[in-house]
Amino acid sequence: MISNKEIARILRNVAVCYELTEENPFKIIAYNKAADEIENLNIEAYDLWREGKLKKVPGVGPSIHSHLEEIFKKGKSKHFEEVFSKVPASIFPILELQGVGPKKAYKLVTELHLTNPETAVDDLKKAADEGKIAPLKTFGETSQKDILEAIGFYKRRKGSMQRMPLPYAYKTAQTLMDYLKEIPEVEKIETTGSLRRMVSTIGDIDIAVATRNPEKVVKHFVNYSGKLKLIEQGPSGASIILNNGKQVDLRVCLPQTFGSMLQYFTGSKNHNIHLREYALKKGLSLSEYGIKPLKKLQSFKDPKLQRYNRKLGLYEFQEEKDFYEALGMEWITPELREDRGEIIASINHKLPRLVTIKDIKGDLQIHSSYNLEPSHDLGKNSMEEIAQRAKELDYEYVAYTDHNPGISNHSESKINSIMKRRFNYIEQLKESIKSVRILNMLEVDIVGNGTLSLPNQSFDFVDAVLVGIHSSFEMTRDEMTKRIIKGLSHPKAKILAHPTSRIINQRDPVDADWEKIFKFCRQQGKAVEINAHPNRLDLDSTLIIEGKKIGVKFSLGTDSHDTETMGFMHYGVTFARKGWLTRGDILNCMDYNKLLEWLHR
DNA sequence: GCCGTTTTCGGCCCGACTGTTTTCAGTCG
Numbered sequence: 004m005i006s007n008k009e010i011a012r013i014l015r016n017v018a019v020c021y022e023l024t025e026e027n028p029f030k031i032i033a034y035n036k037a038a039d040e041i042e043n044l045n046i047e048a049y050d051l052w053r054e055g056k057l058k059k060v061p062g063v064g065p066s067i068h069s070h071l072e073e074i075f076k077k078g079k080s081k082h083f084e085e086v087f088s089k090v091p092a093s094i095f096p097i098l099e100l101q102g103v104g105p106k107k108a109y110k111l112v113t114e115l116h117l118t119n120p121e122t123a124v125d126d127l128k129k130a131a132d133e134g135k136i137a138p139l140k141t142f143g144e145t146s147q148k149d150i151l152e153a154i155g156f157y158k159r160r161k162g163s164m165q166r167m168p169l170p171y172a173y174k175t176a177q178t179l180m181d182y183l184k185e186i187p188e189v190e191k192i193e194t195t196g197s198l199r200r201m202v203s204t205i206g207d208i209d210i211a212v213a214t215r216n217p218e219k220v221v222k223h224f225v226n227y228s229g230k231l232k233l234i235e236q237g238p239s240g241a242s243i244i245l246n247n248g249k250q251v252d253l254r255v256c257l258p259q260t261f262g263s264m265l266q267y268f269t270g271s272k273n274h275n276i277h278l279r280e281y282a283l284k285k286g287l288s289l290s291e292y293g294i295k296p297l298k299k300l301q302s303f304k305d306p307k308l309q310r311y312n313r314k315l316g317l318y319e320f321q322e323e324k325d326f327y328e329a330l331g332m333e334w335i336t337p338e339l340r341e342d343r344g345e346i347i348a349s350i351n352h353k354l355p356r357l358v359t360i361k362d363i364k365g366d367l368q369i370h371s372s373y374n375l376e377p378s379h380d381l382g383k384n385s386m387e388e389i390a391q392r393a394k395e396l397d398y399e400y401v402a403y404t405d406h407n408p409g410i411s412n413h414s415e416s417k418i419n420s421i422m423k424r425r426f427n428y429i430e431q432l433k434e435s436i437k438s439v440r441i442l443n444m445l446e447v448d449i450v451g452n453g454t455l456s457l458p459n460q461s462f463d464f465v466d467a468v469l470v471g472i473h474s475s476f477e478m479t480r481d482e483m484t485k486r487i488i489k490g491l492s493h494p495k496a497k498i499l500a501h502p503t504s505r506i507i508n509q510r511d512p513v514d515a516d517w518e519k520i521f522k523f524c525r526q527q528g529k530a531v532e533i534n535a536h537p538n539r540l541d542l543d544s545t546l547i548i549e550g551k552k553i554g555v556k557f558s559l560g561t562d563s564h565d566t567e568t569m570g571f572m573h574y575g576v577t578f579a580r581k582g583w584l585t586r587g588d589i590l591n592c593m594d595y596n597k598l599l600e601w602l603h604r
């Protein structure tokens with residue numbers, strides 16, 4: 004089956020060919036838009052097509068649909084093959100290079116005779132090393148040097164360069180922002196881009212600054228001691244590469260336009276495109292500088308919302324909230340700005356009241372140091388210390404969810420006795436700890452064939468269990484789906500822990516039919532976890548949205564192995580918010596009695 | 001090539017920076 008990413012790549016390549024063959028420019032935009040839409044789908048385009056729903060994807064009209072249909076049926080499209088045949092195949096690898104687009108790639112490939120797509124990048128490097136790029140028309144010494152650098156960057160990226168996990172990006176940004184704030188000219192400062200939207204992994208760090216002295220702020224920024232390399236610098240911003248290889252983009256503006264600047268650079272790209280399309284219908288043109296009426300002066304409902312800049316002919320916004328309100332919309336929290344229906348919801352004033360960290364009444368995945376000779380790692384802190392920390396976090400309750408005792412090195416009766424001992428210990432603890440309510444739970448492996456690695460009798464010694472996959476990640480979708488559903492079928496299995504079992508930058512999510520699993524969970528009263536650990540962040544927001552549509556309950560857990568990481572709950576909340584969840588969708592927003600009732604159902 | 005609660009035809013998001021140029025094309029976000 005062809006992946007969405009692969010389809011998007013093909014559509015973008017078609018757009019590149021059209022650009023080189025000077026097709027209608029809007030046709031090129033159309034192909035790129037269709038590629039964006041398909042790449043951002045949270046369901047396989049192939050599956051949509053089989054269900055006859057592919058036509059409903061925005062940007063996929065009759066023409067693109069028919070070509071894709073041909074690809075799904077025959078593996079290729081005659082029309083696309085023809086289009087590709089008009090352009091040398093070597094341009095596509097070259098296009099991967101920073102700063103090289105279709106026009107430059109075409110020129111390089113034809114003039115330097117780079118005929119082999121497999122070796123095109125290496126051949127290009129050789130040509131650059133020999134000084135053959137600089138003499139080409141519209142190129143020069145600088146371009147040649149830039150291309151060599153881009154090739155170096157491309158090779159490193161192919162190797163180990165990865166997107167940053169959210170907390171790493173957050174910390175890097177904080178350090179840099181502290182540095183920027185050293186000069187008094189920085190009046191306001193915020194992260195923008197994917198970091199402000201709290202996407203699970205971050206490519207570049209984006210920062211916006213409000214200042215009356217842009218020049219000084221930009222200068223201060225490019226003098227940062229952690230800078231490896233300057234990419235570009237201008238009056239309204241600059242970009243640098245840090246010593247750790249990560250790119251940072253800075254944008255500066257006057258305080259009176261900070262609101263529109265923040266809005267613009269927070270994105271996402273698709274959010275902004277659709278916001279602009281909506282504004283345009285109202286005769287308004289949006290930019291990072293404000294809102295410009297296209298024809299005669301439009302008067303906004305509340306004149307206090309903005310100031311009019313006569314010289315530029317636009318309304319300026321100090322606050323982002325006012326920018327959205329001037330368009331007749333509610334302010335949209337950055338987590339939702341992924342173009343998943345938030346614009347319409349905002350126009351209709353129907354944005355959900357999203358869950359916040361204050362709504363969380365307990366943590367539903369924590370590993371203690373209580374030694375039940377588990378199959379996986381123990382936690383570092385005792386049950387008492389965990390309870391103490393839960394109290395500090397102002398929780399009403401906390402769940403101990405240690406891994407089940409190992410089944411390979413223990414007999415069933417031995418496991419039962421370990422579990423009984425643990426049960427008694429926790430019962431005692433409940434007597435001595437009154438500040439926090441305690442849930443006696445366990446995280447149990449779903450082994451390859453779908454059975455749980457805990458003897459049936461041992462289930463008597465817990466309130467409920469989380470079940471999860473910790474081995475045999477490579478299975479077909481059907482097998483994996485059956486395995487997960489079978490694992491969840493035990494009456495005491497109430498929560499599916501870290502559902503896709505992905506580990507960011509290390510392990511891909513498992514392949515399963517989530518629609519089927521979510522439907523099972525809704526019918527059988529099971530919850531799916533949003534694992535707040537920053538290396539997992541699992542489920543991802545796209546799947547949370549799917550689950551919510553089906554009506555599944557969610558459970559937030561930090562998967563902590565020490566009391567320190569219990570503080571990561573806010574990442575879980577962030578993901579719940581990105582998934583449009585409200586209090587009512589989440590188990591740990593219930594009070595203790597309600598939750599216990601739910602678990603014992 | 002796509003799209004529509006002002007349109008089934010006539011529009012399509014907006015601006016910054018760089019290098020190679022003498023006013024702009026290409027690329028990026």
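For the first sequence, the working numbering gives the first residue as 4, with consecutive numbering after it. Glycine residues also receive a C-beta, built at the ideal position from the N, C-alpha and C atoms. These figures come from a predicted structure and were not determined experimentally.
First and last residue of the beta strand (DSSP E) that includes residue 406?
400-406
Output yes or no for whether 8 Å exceeds the beta carbon distance between residue 503 and residue 446.
no
Please classify residue 6 as buried or exposed, where buried requires at least 16 neighbouring CB atoms within 10 angstroms.
exposed
Taking buried to mean at least 16 other C-beta atoms within 10 Å of its own C-beta, is residue 29 buried or exposed?
exposed
Can you tell me whether residue 557 is helix, strand or coil according to DSSP?
strand
Going by the CB atoms, is the gap between residue 383 and residue 1 shorter than 8 Å?
There is simply no residue 1 to check, as the chain begins at 4 and stops at 604 in what is shown.
By DSSP's criteria, residue 204 is part of a beta bridge. Which residues make up the other side?
168
Cα separation between residue 605 and residue 537?
Outside the shown range of the chain, which is 4 to 604, sits residue 605, and nothing can be said about it.
Kindly list the residues whose CB is nearer than 8 Å to the CB of residue 541, restricted to its own chain and excluding five residues on each side of it in sequence; keep chain order.
501, 502, 503, 504, 505, 512, 532, 533, 534
Exposure of residue 546, with buried meaning 16 or more beta-carbon neighbours within 10 Å:
buried
Residue 553 and residue 521 closer than 8 Å at C-beta:
yes
Whose C-beta lies closer than 6 Å to the C-beta of residue 498 among residues of the same chain, with five residues either side of it excluded?
469, 530, 532, 558
May I ask you to list the residues that DSSP assigns as paired with residue 2?
Since the first residue shown for the chain is 4 and the last is 604, residue 2 is missing from the structure and cannot be characterised.
Do residue 40 and residue 63 have their beta-carbon atoms positioned less than 8 Å apart in this structure?
yes
Can you check which of these residues, 94, 93, 66, is closest to residue 81 by C-alpha distance?
66
Write down the C-beta distance between residue 169 and residue 358 rounded to the nearest angstrom, noting that I regard them as a contact closer than 8 Å.
About 18 Å; that fails the 8 Å criterion.
So residue 363 and residue 572 are supposed to be a Cβ contact under 8 Å. How far apart are they, rounded?
6 Å
Going by C-alpha distance, which of 339, 335, 429 is nearest residue 374?
429
CB-CB under 8 Å to residue 2, same chain, minus the five flanking residues each way: which ones, in chain order?
Since the displayed the chain opens at 4 and closes at 604, residue 2 lies outside it and no answer follows.
Is the beta carbon of residue 4 closer than 8 Å to that of residue 34?
no
Rounded to whole angstroms, what is the Cα-Cα separation between residue 151 and residue 182?
31 Å
As a quick exercise: from 473, 517, 484, pick the residue whose alpha carbon is nearest that of residue 510.
473
Using the rule of at least 16 other Cβ atoms within 10 Å of the residue's Cβ for burial, across every protein chain shown, is residue 507 buried or exposed?
buried
Which listed residue (251, 14, 591) has its alpha carbon closest to that of residue 172
251
Using a 10 Å radius around the Cβ and a threshold of 16 neighbouring Cβ atoms, would you call residue 97 buried or exposed?
buried
Beta-carbon proximity of residue 176 to residue 195, cut-off 8 Å:
no
CB residue 443 to CB residue 466, shorter than 8 Å?
yes
Is it right to say residue 345 is buried, meaning 16 or more other beta carbons lie within 10 angstroms of its own, or is it exposed?
buried
Which residue wins for smallest C-alpha separation from residue 343, given the options 461, 410, 245, 544?
544
Endpoints, alpha helix (DSSP H) assigned at residue 125:
123-132
How is the beta strand (DSSP E) around residue 2 delimited, first residue to last?
In the structure as shown, the chain starts at 4 and stops at 604, and residue 2 therefore has no counterpart that could be examined.
Can you give me the C-alpha to C-alpha distance between residue 290 and residue 597, rounded to a whole angstrom?
49 Å
Presumed contact (8 Å Cβ cut-off) between residue 271 and residue 341, rounded CB distance:
5 Å
Just to confirm my understanding: we take residue 230, look at its own chain, exclude 5 residues before and 5 after, and list those with CB closer than 6 Å. What are they?
243
Neighbour-count burial assignment, residue 91, 16 or more Cβ in a 10 Å radius:
buried
Let me confirm a value: residue 408 is counted as buried when at least 16 other C-beta atoms fall within 10 Å, else exposed. Which label applies?
buried
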